[in-house]
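Sequential numbering from 63 applies to the sequence shown in my numbering. A short write-up of the structure that comes next.
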Amino acid sequence: MDLFTPADLGALHLANRVTMAPLTRLRSGERGVPGDLVAEMYAQRASAGLIVTEGTWPVQESRGWVGQPGITTDEQQAAWGRVADAVHAEGGTIVMQVMHAGRVTHPAVTGSRVVAPSAVAVDGEVRTPAGKEAYPVPHALTLDELGEVREQFVAGARRARAAGLDGIEVHGANGYLLHEFLSPASNTRTDAYGGSPENRARFVVEVVRAVAEEIGADRTGLRISPMHNIQDAFERDEDDVVATYGALADGLAELGLAYVSVLHAHPAGELVQGLRKRFGAPLVANTGFAEPTTREGAAELLASGAADAVAVGRPLIANPDLVERWRTGAAENEPDGSTFYSDGAAGYTDYPRLGA
């Protein structure tokens, strides 16, 4: 297979195997409502085989940043419907990444409390409307509250599908709530959701299963980042990582998920390929957190059979027509990092296309 052959990931039909990674851009205002500018940005990139939206909060308490979009109100749902329509009008496929920030936020952002598996704070500072603040000690979710959070993911997925998006990616990576359950550094619980690898994987299994039951497993993806030690979700014991993520895979394998997206520097290695086999789902490989994914690297992963599709971030920020540039070998625009999280069109919708 190569970058430009079509692919079916469950019920998701991709014109090519270049997928747009979820990219936080903070253009949705104080109310978390994506506007016309957001719709334009995603529509510009609809030639990618699959667009995964930026992380989107299913409840105010799960909001990570001001400007991040939500999917909890009728207004937000209607706005996402306009985004989906714009992408579909250009022939694209789009899924929503539903994300709970967990402890990686602040009451000045959520407007309420901050929650996590355990009352263990992130060591560092978070951006708030008033400036940088220390991360607070979060509230440890009770057993009853775990059921509420699970249903919040389901409600977000339901709204996203009602808005017309083609599927859901559950965010289980990068130190946010679901990853916090997986990591022994952030999960110090002593009940059925903590301690052993199987217990730490339990809540993520329950969330993904509940979402899949609501919208169909063939429209449900999962993003994970094993051993991506970020935001204090440390996973340094490789044996524990294999056991924890193996339990996660075994708990979901029978579902037939649309795909599993794995952020890891070595997707062709034993860890990721072992998990791929245990999940029994198509693999979307993402190697580009430390360094941007290149055409050559993406092509090699697919040619070797190490992945079914490749997630691309920064190159798609700067090149709305990246697929055509990679197909023809054309030069690429360079991304402007100073505009990644700013307001307005600059560095968002104004990157030139070929021939412009």
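No residue lacks a Cβ here, since even glycine has one placed at the ideal position from N, Cα and C.
Counting only residues of its own chain and dropping the five nearest sequence neighbours on each side, THR306 has a CB closer than 6 Å to the CB of LEU244, PRO259, ARG262, ALA263. Nearest in C-alpha terms to PRO68, of all of GLY417, ALA141, HIS233, VAL372, is VAL372.
When the Cα atoms are used, GLU137 and VAL95 turn out to be separated by approximately 7 Å.
Membership of ASN261 in the alpha helix (DSSP H) is indicated by the continuous run 259-277.
One Cα belongs to LEU240, the other to HIS233, and the distance between them is close to 7 Å. When beta bridges are read from the DSSP output, LEU325 appears opposite ASN348. Taking every protein chain shown into account, the CB of PRO169 has fewer than 16 other CB atoms within 10 angstroms, so this residue is exposed. Secondary structure within the region 79-127: the alpha helix (DSSP H) runs of 4 or more consecutive residues, fully enclosed, are 98-106 (chain order).
Residue range 136-151 is occupied by the alpha helix (DSSP H) that includes ASP136.
Shown here, ALA69 sits in a strand according to DSSP, grouped into three states. Your pair TYR238 and VAL166 checks out as a contact, with CB atoms roughly 6 Å apart and the cut at 8 Å.
Counted as a single uninterrupted DSSP element, the beta strand (DSSP E) harbouring THR282 occupies residues 282-286.
With a cutoff of 8 Å on beta-carbon distance, SER180 and SER248 are scored as near each other. In the DSSP assignment, GLY132 is bridged to TRP119.
Here the region 148-159 lies against the region 106-124, with 3 or more beta-carbon pairs under 8 Å apart.
Counting along the chain, no beta strand (DSSP E) covers GLY256, and no H or E run does either. Three or more Cβ pairs closer than 8 Å define a contact, and the region 187-194 falls short of that threshold against the region 286-295. Under the 10 Å beta carbon count, SER124 is surrounded by 16 or more other beta carbons and is classified as buried.
If you draw a 10 Å sphere on the C-beta of GLU116, you find 16 or more other C-beta atoms in it, and that means buried. Here the alpha carbons of TRP388 and THR355 stand approximately 12 Å from one another.
In the DSSP assignment, ARG189 falls within the unbroken beta strand (DSSP E) covering 187-190.
Cβ-Cβ distances below 7 Å link ARG221 to ILE133, GLN139 in the same chain, with the five nearest sequence neighbours on each side left out; the list follows chain order. Comparing alpha carbon positions, the residue from ARG251, GLY278, LEU337 closest to ARG223 is GLY278.
Cβ neighbours of ARG144 within its own chain (closer than 6 Å, five residues either side excluded): ALA101. Looking at the DSSP output, GLN159 shares a beta bridge with GLU231. Judged by DSSP secondary structure, VAL171 falls outside any beta strand (DSSP E) and instead within the alpha helix (DSSP H) spanning 169-172. Annotation: the continuous beta strand (DSSP E) that includes GLU195 extends over 193-196. Distance from the Cα of VAL184 is smallest, within the candidate group SER174, VAL199, ARG212, for VAL199.
With a 10 Å radius around the Cβ and a threshold of 16 neighbouring Cβ atoms, ARG415 comes out exposed. With 16 or more neighbouring CB atoms inside 10 Å of its own CB, ALA178 falls in the buried class. Looking only at HIS328, ARG87, ALA365, the smallest Cα-Cα distance to TYR403 is reached by ARG87.
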